[in-house]
Amino acid sequence: MSQPEIVETAINAPYWSALRQGRLDYQHCRSCGHDWLPARAHCPACLDTDNEWRAASGSGRLVSWVVYHRAYAPHLAARLPYNVAIVELAEGPRLLTSIVDRPDGSGLFADAAVALRIEEDFGRPLPRFCLSQQALTAARAAEYFRTPRRPQDAIEERSEQ
Amino acid sequence: MRGKVVIAGVGNTVYGKHPGRDKIELIVDAAREAIEDAGIGKDEIDGVFVKMANAAPTVLYGQKVAEALGLQPAIGCALDQGGAANIGLIAYAALAIEAGMIRNALICYGDTARTGSHAVYHRPRGDDAIHGWYSTAAGYAMIHQAYRQRYRARDEHFGAVAVAARAHGAQNPRAHLRKPLGMDAYLSGPFVVEPLRRDDICLVSDGAAAILLTSAAEARNRRHVRAVPILGLGQAQESWEVHLRPDLLRTRAEASADMAFARAGITRRQIDFAQIYDCFTVTVLQTLEDYGLAPRGQAGEKALAEGLGVDGWLPFNTSGGLLSESGTPGLQLVIEAVRQLRGEANVQVKSPRHGLVSNQGGSMHTHATLILGAAG
């Protein structure tokens with residue numbers, strides 16, 4: 667499996683175009699007021715197609731996260747360990763992203779405040795996040811949230827037993 | 056619908072590795088056993104309901120299976136609801152039998168994801184793959200992490216599920232993995248997608264399973280003494296991807312169980328054992344809580360303190376489940392419930408009256424619930 671490619675369409679082009687301009691945008695329904703990501707033609711709440719793109723403030727909270735110790739595609743091997751996180755924007759929509767300053771997940775905790783940091787990767791700007799100052803203070807004070815680390819050289823598929 | 060349709064026969068292959076064998080071949084093996092067990096003639100089957108395979112799925116799959124069985128059924132189909140599809144199919148087949156459209160239905164599922172392709176379990180997840188979002192395990196790891204955070208759950212709470220399933224699988228001669236697991240071994244297992252350790256994750260197996268459904272009236276006419284009545288069926292779907300759900304720790308499994316219990320007309324306390332879909336250990340804790348069998352955040356603590364064996368809090372996955380018997384999604388749990396209610400299980404619960412089975416699929420996207428009564 668090679669590295670992922672994103673196909674830009676009439677529906678999602680404004681999202682990627684905003685990121686190239688340094689903004690994270692989400693969709694807002696002019697009919698019922700619902701806000702969402704990812705890009706869709708229809709509002710999933712009222713099915714209307716009359717929507718607009720709005721700029722997110724860039725602040726959000728961490729909902730959950732995982733840390734990969736196994737590469738499911740060759741291009742990911744050099745990145746291990748890396749995290750993928752769910753972030754809820756202050757405006758409501760949720761997205762999958764990464765917490766860039768904590769690749770191995772250390773110091774992360776549910777509801778931590780996070781701030782947008784747009785980074786270039788795979789040839790396109792991606793919306794990523796880092797812990798906000800306030801969350802960093804909490805993280806330092808709460809080292810007990812850390813999962814104990816274990817040697818990672820013995821990773822094998824569960825079914826190999 | 057209560058008790059109008061029965062499970063008249065069950066069959067399954069050995070689970071594990073079947074190199075070089077086709078999944079439809081395995082289904083025919085399991086179907087032969089189920090047909091013989093039911094005492095119903097092969098040519099009396101007029102409904103063939105197949106769960107979509109994970110290894111190399113194809114179009115018109117239900118018809119391929121019917122062809123291999125030499126059948127021209129009234130209804131033949133393949134269903135994709137992920138791991139909830141087997142109980143989903145049982146529901147649609149039972150409705151068709153009750154409506155008089157068909158008389159005898161074969162529900163079957165076979166896969167060769169162990170020695171064949173298991174690419175589906177490792178797949179990139181749409182455009183979010185650009186963030187490194189790959190695999191089935193990762194969606195459950197998100198739920199597992201949320202569970203740990205909200206309830207301050209200990210690793211041993213998840214470990215209790217794996218240890219119980221493996222203890223039961225070790226006693227099942229046709230199980231894929233017959234190696235018991237101790238808590239220390241669970242805790243020292245390496246992370247795959249943290250917080251998931253190796254033994255939080257189910258097997259990937261080859262194998263097949265089949266069951267035969269008929270009406271209770273038909274079973275009486277045939278003087279079938281081992282038919283197990285279907286008392287309640289429920290389904291409900293989450294649909295949203297994990298990250299778009301407003302709450303990762305409240306799923307539609309709750310609505311699925313409510314539907315099944317209402318139809319069965321019994322209470323949670325009347326359940327004598329539970330075969331819970333254990334693709335991951337957190338799925339079991341989440342399902343037990345959504346089903347109303349344990350208070351929120353406490354299923355793991357109860358499992359650890361009171362046990363999940365036949366003498367424990369709730370006899371659970373008595374043939375080993377997905378963690379030990381077979382990673383093939385779902386039908387083995389139904390078959391084990393039938394064997395329990397006939398008094399034929401390897402790890403037998405004492406005289407059970409009511410058995411509960413959960414199926415779910417995706418990353419808890421789909422849910423289905425089955426309640427069965429004692430044979431006879």
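For the record, the sequence lines run as chains Z and G. Taking our numbering, I'd label the letters of the first sequence as residues 667 to 827. Taking our numbering, I'd label the letters of the second sequence as residues 56 to 431. All C-beta atoms, glycine included, are put in the ideal place defined by N, C-alpha and C.
CB contact below 7 Å: Tyr734(Z) versus chain G: Locating residue 734(Z) in the first sequence gives position 68, counting from the first residue. Yes - at least one Cβ of chain G is within 7 Å of the one on Tyr734(Z).
Residue-chain proximity (Thr866(Z), chain G), Cβ-Cβ < 7 Å: Nothing can be reported for residue 866(Z): it is not among the residues displayed for chain Z, which extend from 667 to 827.
The segment 667–678 of chain Z: positions lying closer than 9 Å to chain G by Cβ: Residues are counted here when their Cβ sits less than 9 Å from a Cβ of chain G; for the segment 667–678 of chain Z these are Met667, Gln669, Pro670, Glu671, Ile672, Val673, Asn678, given in chain order.
Contact belief for Val835(Z) with Leu728(Z) at Cβ below 8 Å, rounded distance in angstroms: What is shown of chain Z runs 667 to 827, which leaves residue 835(Z) out entirely.
Where Cys712(Z) falls, given that 16 or more other Cβ within 10 Å makes a residue buried: Here residue 712(Z) is taken as the residue at index 46 of the first sequence, counted from 1. Result: exposed.
Chain G contacts made by the segment 730–759 of chain Z, where a contact means CB separation under 8 Å: Taking 8 Å as the Cβ-Cβ cut-off against chain G, the residues of the segment 730–759 of chain Z that qualify are Ser730, Trp731, Val732, Val733, Tyr734, His735, Arg736, Tyr738, Ala739, Leu742, Arg745, Pro747, Tyr748, Val750, Ile752.
Cβ of Ala711(Z) within 7 Å of any chain G Cβ: Walking along the first sequence from the start, residue 711(Z) turns up at place 45. No, no contact with chain G.
CB of Gly347(G) within 7 Å of CB of Ser311(G), strictly: To locate residue 347(G), count along the second sequence from 1; it is residue 292. To locate residue 311(G), count along the second sequence from 1; it is residue 256. No, these two residues do not count as a Cβ contact at 7 Å.
Which listed residue (Phe788(Z), Asp770(Z), Ala722(Z)) has its alpha carbon closest to that of Ala751(Z): In the first sequence, residue 751(Z) corresponds to position 85, counting from 1. Looking at the Cα atoms, Asp770(Z) is the closest of the given residues.
Where Ala264(G) sits in the DSSP three-state scheme: By 1-based counting over the second sequence, the position of residue 264(G) is 209. Taken through DSSP and simplified to helix, strand or coil, Ala264(G) comes out as strand.
DSSP-derived helix/strand/coil call for Thr167(G): The sequence position of residue 167(G) within the second sequence is 112, counting from 1. It is a strand residue.
Chain G contact residues for Phe775(Z), given Cβ-Cβ distances below 8 Å: The residue you call residue 775(Z) lines up with position 109 of the first sequence. Those within 8 Å of Phe775(Z) in chain G are Gln204.
Min CB distance Leu762(Z) to chain G below 7 Å: To locate residue 762(Z), count along the first sequence from 1; it is residue 96. Yes, Leu762(Z) lies at the interface with chain G (some Cβ there is under 7 Å from its Cβ).
Chain Z residues whose Cβ lies nearer than 7 Å to that of Glu249(G): Position 194 of the second sequence, counted from the start, is the residue given in the question as residue 249(G). Simply Val732, Val733, His735, Gly771, Thr813.
7 Å Cβ cutoff, Phe788(Z) in contact with chain G: Within the first sequence, the letter at position 122 stands for residue 788(Z). Contact of Phe788(Z) with chain G is assigned, a C-beta pair being separated by under 7 Å.
Neighbour-count burial assignment, Gln325(G), 16 or more Cβ in a 10 Å radius: Start at 1 with the first residue of the second sequence, and residue 325(G) comes out as number 270. Under this definition Gln325(G) is an exposed residue.
Three-pair Cβ contact test at 8 Å for the segment 291–311 of chain G versus the segment 102–113 of chain G: Judged by pairs of C-beta atoms under 8 Å, the segment 291–311 of chain G does not touch the segment 102–113 of chain G, as fewer than three such pairs exist.
When Leu797(Z), Leu762(Z), Ala805(Z), Ala779(Z) are compared against Trp188(G), the one with the closest alpha-carbon: Locating residue 188(G) in the second sequence gives position 133, where the first residue counts as 1. For Trp188(G), the closest alpha carbon among the candidates Leu797(Z), Leu762(Z), Ala805(Z), Ala779(Z) is that of Leu762(Z).
Cutoff 7 Å: Phe246(G) Cβ touching any chain Z Cβ: For the purposes of this step, residue 246(G) is taken as residue 191 along the second sequence, with counting starting at 1. At least one chain Z Cβ lies under 7 Å of Phe246(G).
Segment contact, 8 Å Cβ cut-off, at least three pairs: the segment 364–371 of chain G with the segment 202–222 of chain G: Result yes; three or more Cβ-Cβ pairs closer than 8 Å.
Residue-chain proximity (His422(G), chain Z), Cβ-Cβ < 7 Å: Looking up residue 422(G) in the second sequence gives position 367. No, no contact with chain Z.
DSSP three-state assignment for Trp682(Z), whether helix, strand or coil: Residue numbering aside, residue 682(Z) sits at position 16 when the first sequence is read from its first letter. If DSSP states are grouped into helix, strand and coil, Trp682(Z) belongs with the helices.
Between the CA atoms of Asn276(G) and Thr191(G) - distance to the nearest angstrom: Along the second sequence, one-based indexing puts residue 191(G) at 136. Along the second sequence, one-based indexing puts residue 276(G) at 221. Roughly 46 Å separates the two Cα atoms.
Distance CB(Ala85(G))-CB(Ala63(G)) smaller than 7 Å: By 1-based counting over the second sequence, the position of residue 85(G) is 30. By 1-based counting over the second sequence, the position of residue 63(G) is 8. Not in contact: Ala85(G) and Ala63(G) (Cβ atoms no closer than 7 Å).
Cβ shell of Lys234(G) (< 8 Å), same chain only, five flanking positions each side left out: Locating residue 234(G) in the second sequence gives position 179, counting from the first residue. If we look at Lys234(G) and ignore the five residues flanking it on each side, its Cβ neighbours are Arg221, Ala225.
Cβ-based burial, Gly688(Z) [other Cβ within 10 Å; buried from 16]: What you label residue 688(Z) is simply residue 22 of the first sequence in a count that begins at 1. The residue in question, Gly688(Z), is exposed, as its Cβ has fewer than 16 Cβ neighbours within 10 Å.
Burial state of Glu91(G) (16 or more Cβ within 10 Å): One-based indexing of the second sequence puts residue 91(G) at position 36. Within 10 angstroms of the beta-carbon of Glu91(G) lie fewer than 16 other beta-carbons, which makes it exposed.
Where Lys106(G) falls: helix, strand or coil (DSSP): Translated into the one-based positions of the second sequence, residue 106(G) becomes position 51. In the structure shown, Lys106(G) sits in a strand (DSSP, three-state: E or B).
Cutoff 7 Å: Gly188(G) Cβ touching any chain Z Cβ: Counting from 1 along the second sequence, the entry for residue 188(G) is found at position 133. Note that residue 188(G) is Trp in the sequence shown, not Gly. By this cut-off, Trp188(G) is an interface position.
Cut-off 6 Å between Cβ atoms - residues of its own chain near Gly410(G), not counting five sequence neighbours on either side: Locating residue 410(G) in the second sequence gives position 355, where the first residue counts as 1. Excluding sequence neighbours, Gly410(G) sits near Phe328, Ala392, Gln395, Leu396, Leu427.
Cβ pair Ala319(G), Gly287(G) closer than 7 Å: Taking the second sequence and counting its residues from 1, one reaches residue 319(G) at position 264. Taking the second sequence and counting its residues from 1, one reaches residue 287(G) at position 232. For Ala319(G) and Gly287(G), yes; Cβs fall inside 7 Å.
Contact the segment 135–146 of chain G vs the segment 404–424 of chain G: 3+ CB pairs below 8 Å: The answer is yes - the segment 404–424 of chain G touches the segment 135–146 of chain G, with three or more Cβ pairs under 8 Å.
Assigned secondary structure, Val402(G) (DSSP; H/G/I helix, E/B strand, else coil): Stepping through the second sequence from its first residue, residue 402(G) is reached at position 347. Assignment of Val402(G) by DSSP, reduced to helix, strand and coil, places it in the coil class.
Whole-Å CB distance - Tyr202(G) paired with Leu304(G), under 8 Å assumed: For the purposes of this step, residue 202(G) is identified with residue 147 of the second sequence, where counting begins at 1. For the purposes of this step, residue 304(G) is identified with residue 249 of the second sequence, where counting begins at 1. Contact between Tyr202(G) and Leu304(G) holds: CB atoms are separated by about 6 Å, below the 8 Å threshold.
Leu343(G) and Ala354(G) closer than 7 Å at C-beta: Within the second sequence, numbered from 1, the residue matching residue 343(G) stands at position 288. Within the second sequence, numbered from 1, the residue matching residue 354(G) stands at position 299. When the beta-carbon positions are compared, Leu343(G) and Ala354(G) come within less than 7 Å of each other.
Member of Phe213(G), Lys405(G), Val280(G) whose CA lies at the smallest distance from the CA of Arg253(G): Position 198 of the second sequence, counted from the start, is the residue given in the question as residue 253(G). Nearest of Phe213(G), Lys405(G), Val280(G) to Arg253(G), Cα basis: Phe213(G).
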